[in-house]
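Numbering-wise (numbering that gives the first Met the number 0), the sequence shown opens with residue 0 and increments by one.
Heads up, the beta-carbon is just placed ideally off N, CA and C, and yes, glycines get one too.
Everything numeric in this text was worked out from a predicted model, so none of it was measured.
Everything on this sheet refers to the single structure shown next.
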Amino acid sequence: MTFPVIGVVGGGQLARMMAGPAVELGLELHVLAEGPGVSAVAAVAHAEVGDYRDPQTLRAFAAGVDVVTFDHEHVPGELLEELAGKGVAIHPSPAALRHAQDKLVMRRAVEELGLPNPRWSAVSTAAEVEAFAAATGWPVVLKTPRGGYDGKGVLVLRDASGLAAADDWFTGGDLLVEQFVPFSRELSVLVARRPSGEAVTWPVVESIQVDSVCDEVIAPAPELPVEVADAVTAAALLLAERLDVTGVMAVELFETPGSGAGYLVNELAMRPHNSGHWTMDGAVTGQFEQHLRAVLDLPLGATDAVGTHTVMKNVLGGANTDIYAAYQSAMSSGPSAKVHFYGKDVRPGRKIGHVNALAGPGEPLAAVRARATRVAAILRDGTDVPSADQE
Numbered sequence: 000m001t002f003p004v005i006g007v008v009g010g011g012q013l014a015r016m017m018a019g020p021a022v023e024l025g026l027e028l029h030v031l032a033e034g035p036g037v038s039a040v041a042a043v044a045h046a047e048v049g050d051y052r053d054p055q056t057l058r059a060f061a062a063g064v065d066v067v068t069f070d071h072e073h074v075p076g077e078l079l080e081e082l083a084g085k086g087v088a089i090h091p092s093p094a095a096l097r098h099a100q101d102k103l104v105m106r107r108a109v110e111e112l113g114l115p116n117p118r119w120s121a122v123s124t125a126a127e128v129e130a131f132a133a134a135t136g137w138p139v140v141l142k143t144p145r146g147g148y149d150g151k152g153v154l155v156l157r158d159a160s161g162l163a164a165a166d167d168w169f170t171g172g173d174l175l176v177e178q179f180v181p182f183s184r185e186l187s188v189l190v191a192r193r194p195s196g197e198a199v200t201w202p203v204v205e206s207i208q209v210d211s212v213c214d215e216v217i218a219p220a221p222e223l224p225v226e227v228a229d230a231v232t233a234a235a236l237l238l239a240e241r242l243d244v245t246g247v248m249a250v251e252l253f254e255t256p257g258s259g260a261g262y263l264v265n266e267l268a269m270r271p272h273n274s275g276h277w278t279m280d281g282a283v284t285g286q287f288e289q290h291l292r293a294v295l296d297l298p299l300g301a302t303d304a305v306g307t308h309t310v311m312k313n314v315l316g317g318a319n320t321d322i323y324a325a326y327q328s329a330m331s332s333g334p335s336a337k338v339h340f341y342g343k344d345v346r347p348g349r350k351i352g353h354v355n356a357l358a359g360p361g362e363p364l365a366a367v368r369a370r371a372t373r374v375a376a377i378l379r380d381g382t383d384v385p386s387a388d389q390e
């Protein structure tokens with residue numbers, strides 16, 4: 000039997016979480032890792048350390064695999080275009096990936112497809128930002144088009160005085176400025192698409208951010224109007240088709256009740272995404288298995304939720320540096336919760352794992368959230384946290 004070899008550029012936790020489904024499907028996973036200690040190295044049999052920005056390194060890596068995909072979107076587009084021109088199978092393609100690499104490219108594409116965008120503009124000077132704000136009103140949001148994540152490269156400007164903090168941003172080409180959206184909550188929908196065109200989505204989820212980092216995901220998004228859920232799902236499918244996305248894509252959105260279509264597109268990510276980690280335990284087919292299926296053009300798996308609700312709670316580095324020592328207490332505190340650890344050294348605020356908690360029969364959402372929060376807190380702090388019925 001000959002099974003294909005999938006090459007993943009980047010050795011972070013997303014590559015690590017592809018390893019389990021790859022083993023289950025009998026696939027061989029090769030990872031181009033940034034260093035010997037990154038997350039995926041301990042989880043895959045074939046990991047090499049190299050600089051993904053180096054043309055020779057990337058060419059050599061691609062030569063040893065059947066298809067190339069990504070743990071992140073930071074690979075230079077010109078290198079990927081060179082490989083694609085030589086017949087290397089790359090999913091998503093360099094042309095599709097640009098929409099996740101460059102927020103200005105993404106905004107233009109969303110606008111061309113007639114989907115709801117915030118008001119936005121490309122700007123290259125502080126004066127242009129002030130002119131945009133004069134038309135839309137303060138505050139506005141200034142973003143670097145490339146390289147930002149988890150709140151990095153994003154600056155909320157309450158008035159013109161805040162522009163001083165962005166002085167060094169106006170040196171590398173256009174920036175993106177957007178109206179500040181008075182949204183009610185953040186939503187996300189995952190779509191998977193294979194090269195032959197089949198596409199599927201998972202239920203729309205609510206994504207709760209703390210200090211610009213995803214803290215909790217509730218699947219499906221509670222009390223979301225059916226017409227909004229249908230609209231954002233249709234938008235994700237349209238984006239995947241028109242941008243020729245292959246693999247998993249996350250469409251992050253703002254819910255805006257009573258305004259326009261009821262939502263605005265925020266950002267795109269063309270890879271498995273934090274807002275989809277709940278699918279590992281809460282859906283028939285998790286996002287990591289689906290991504291592997293999609294990039295190999297295999298039939299896609301069912302995306303139905305397996306329970307009424309799943310709650311994903313991120314675990315960020317905190318006081319406890321011995322995560323395994325906390326397993327005894329954490330797992331006994333929430334036996335039905337699933338712990339996923341990324342094999343990272345603990346640093347304050349660093350994503351080191353997540354907890355998935357599924358609703359039992361008739362269990363209210365509040366109890367599921369409390370269980371996920373309790374288990375994550377024990378892992379973070381190394382001490383037990385009283386549940387609501389113990390307080």
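Asked: Taking the C-alpha atoms as reference points, what is the distance between Pro144 and Ser331?; Found: 45 Å
Asked: Looking only at C-alpha atoms, which of Thr372, Lys343, Pro360 sits nearest to Gly333?; Found: Thr372
Asked: Going straight from the alpha carbon of Val231 to that of Ser187, what length do you get?; Found: 9 Å
Asked: Hey, would you say Ser206 sits closer than 8 Å to Thr255, going by beta carbons?; Found: no
Asked: If you drop the 5 nearest sequence neighbours on each side, which residues of the same chain put their C-beta closer than 6 Å to that of Asn265?; Found: Glu251, Leu252, Phe253
Asked: Report the CB separation of Val204 from Ala220 in whole angstroms; it is logged as a contact under 8 Å.; Found: 5 Å
Asked: Helix, strand or coil, according to DSSP, for Leu112 in the structure here?; Found: coil
Asked: By the three-class DSSP mapping on this structure, what secondary structure does Glu177 have?; Found: strand
Asked: I want to know whether the region 211-226 touches the region 271-283 - three or more CB-CB distances under 8 Å.; Found: yes
Asked: Rounded to the nearest angstrom, how far is the Cβ of Val310 from that of Val367, given a contact under 8 Å?; Found: 5 Å
Asked: Does the Cβ of Arg52 have 16 or more other Cβ atoms within 10 Å, making it buried, or fewer, making it exposed?; Found: exposed
Asked: Name the residue from Gly348, His339, Arg349 whose alpha carbon lies nearest to the alpha carbon of Val356.; Found: At residue 356 the sequence reads Ala, which differs from the Val that was named. The shortest C-alpha separation from Ala356 is found at His339.
Asked: Assign Ser160 to buried or exposed, taking buried as 16 or more other Cβ atoms, counted over all protein chains shown, within 10 Å of its Cβ.; Found: exposed
Asked: With DSSP as the reference, label Ile207 as helix, strand or coil.; Found: strand
Asked: What are the uninterrupted segments assigned as alpha helix (DSSP H) that are 4 or more residues long and contained completely in the region 77-158, given in chain order?; Found: 93-100, 102-111, 125-135
Asked: With distance defined between alpha-carbon atoms, name the residue in Lys337, Asp303, Gly348, Leu295 nearest to Gly25.; Found: Leu295
Asked: Quick one: any contact between the region 85-93 and the region 130-141, if contact means 3 or more CB pairs under 8 Å?; Found: no
Asked: With three or more beta-carbon pairs closer than 8 Å as the criterion, would you say the region 61-73 touches the region 4-19?; Found: yes
Asked: Does DSSP put Tyr262 in a helix, in a strand, or in coil?; Found: strand
Asked: Mark Pro224 as exposed unless 16 or more other C-beta atoms lie within 10 angstroms of its C-beta, in which case mark it buried.; Found: exposed
Asked: Would you mind giving the Cβ-Cβ distance between Gly146 and His73, rounded to the nearest angstrom? I have them listed as a contact below 8 Å.; Found: 7 Å
Asked: Would you check if there are 3 or more beta carbon pairs closer than 8 Å linking the region 280-298 to the region 121-137?; Found: no
Asked: Name, in chain order, the residues that DSSP records as bridge partners for Arg192.; Found: Ala198, Gly246
Asked: What is the DSSP secondary structure of Val30, counted as helix, strand or coil?; Found: strand
Asked: Tell whether a beta-carbon distance below 8 Å holds between Pro115 and Tyr262.; Found: yes
Asked: Keeping to the same chain, check which residues put their C-beta closer than 6 Å to that of Val104; ignore five residues upstream and five downstream.; Found: Arg97, His98
Asked: So, for Asp70: in the same chain, excluding its five sequence neighbours on each side, which residues have a beta-carbon less than 6 Å away from its beta-carbon?; Found: Val7, Gly9, Gly11, Leu13, Ala14
Asked: Grouping DSSP H, G and I as helix and E and B as strand, with all else coil, what is Asp344?; Found: coil
Asked: So which of Leu242, Arg157, Arg379 has the shortest CA-CA distance to Phe179?; Found: Arg157
Asked: Rounded C-beta distance between Val354 and Val305? I'm assuming under 8 Å.; Found: Val354 to Val305, Cβ: 17 Å. No contact.
Asked: Keeping to the same chain, check which residues put their C-beta closer than 7 Å to that of Thr307; ignore five residues upstream and five downstream.; Found: Ala358
Asked: For Arg370, which residues in the same chain have their Cβ closer than 7 Å to its Cβ, ignoring the five residues on either side in sequence?; Found: Gly333, Ala336, Ala356
Asked: Mark Ala95 as exposed unless 16 or more other C-beta atoms lie within 10 angstroms of its C-beta, in which case mark it buried.; Found: buried
Asked: Look at Gln286 and Val244 and say whether their C-beta atoms are less than 8 Å apart.; Found: no
Asked: Using the C-alpha atoms, what's the distance from His290 back to Gly19?; Found: 12 Å
Asked: Could you give the distance in angstroms between the alpha-carbon of Asp50 and the alpha-carbon of Gly36?; Found: 14 Å
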